[in-house]
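Below is one structure, written out as structure tokens; comments come after it.
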Amino acid sequence: MAGGQRLICASSALVDGGDGVRFEVAGRDGPQSAFVVRFRGVVRAYLNRCAHVPVELDWVPGRFFDLTGQYLVCAVHGAHYDAASGRCAFGRCNGRGLQSLRVLERDGGVYLLDSGV
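Quick note on numbering: the working numbering labels position 41 of the sequence shown as 356, and the sequence is numbered without any gaps.
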């Protein structure tokens, strides 16, 4: 992890509004599930934890977007989150959003900048 950055995946692994890539980050209580997606050309990363009840969003690994490719959706509760900000859009997120992680896309790779959660 040179310079506080860790490679998550190749940039080519992320299609706009398509499947994401799961990875783990260090948490206070051990490893935490996280994911990265591309939305409107920008790479975004979040903890893989619904704000309503702490379950992972994707029922099928890597499937985070709703059918329109516009919102991140919890497959368990149907809570919808703004893909650009992680904010609650509608549903059972009760106004709470996803916890974002800092990432950087450069030289054909996507890198995690956060060291832990």
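Yeah, the Cβ is synthetic: ideal placement off N, Cα and C, and Gly gets one too.
**Item:** Gly-335 beta carbon less than 7 Å from that of Phe-405
**Value:** Locating residue 405 in the sequence shown gives position 90, where the first residue counts as 1. Locating residue 335 in the sequence shown gives position 20, where the first residue counts as 1. No.
**Asked** Roughly how many whole angstroms lie between the Cα atoms of Ala-317 and Gly-377?
**Response** For this step, residue 317 is matched to residue 2 along the sequence shown. For this step, residue 377 is matched to residue 62 along the sequence shown. A caution first: Ala-317 carries a pLDDT of 46, below 50, which makes its placement in the model unreliable, though a value can still be read off. Looking at the two C-alpha atoms, the distance is approximately 27 Å.
**Message:** With distance defined between alpha-carbon atoms, name the residue in Phe-338, Ser-415, Leu-416 nearest to Pro-346.
**Reply:** Translated into positions along the sequence shown, residue 346 becomes position 31. When only C-alpha atoms are compared, the closest one is Phe-338.
**Prompt:** Would DSSP call Gly-393 helix, strand or coil?
**Reply:** Here residue 393 refers to the residue found at position 78 when the sequence shown is read from its first residue. If DSSP states are grouped into helix, strand and coil, Gly-393 belongs with coil.
**Item:** Sequence-distant residues of the same chain with beta carbon closer than 6 Å to Ser-415, five excluded per side
**Value:** To locate residue 415, count along the sequence shown from 1; it is residue 100. Closer than 6 Å at the Cβ level, and outside the excluded window around Ser-415, lie Tyr-361, Gly-401.
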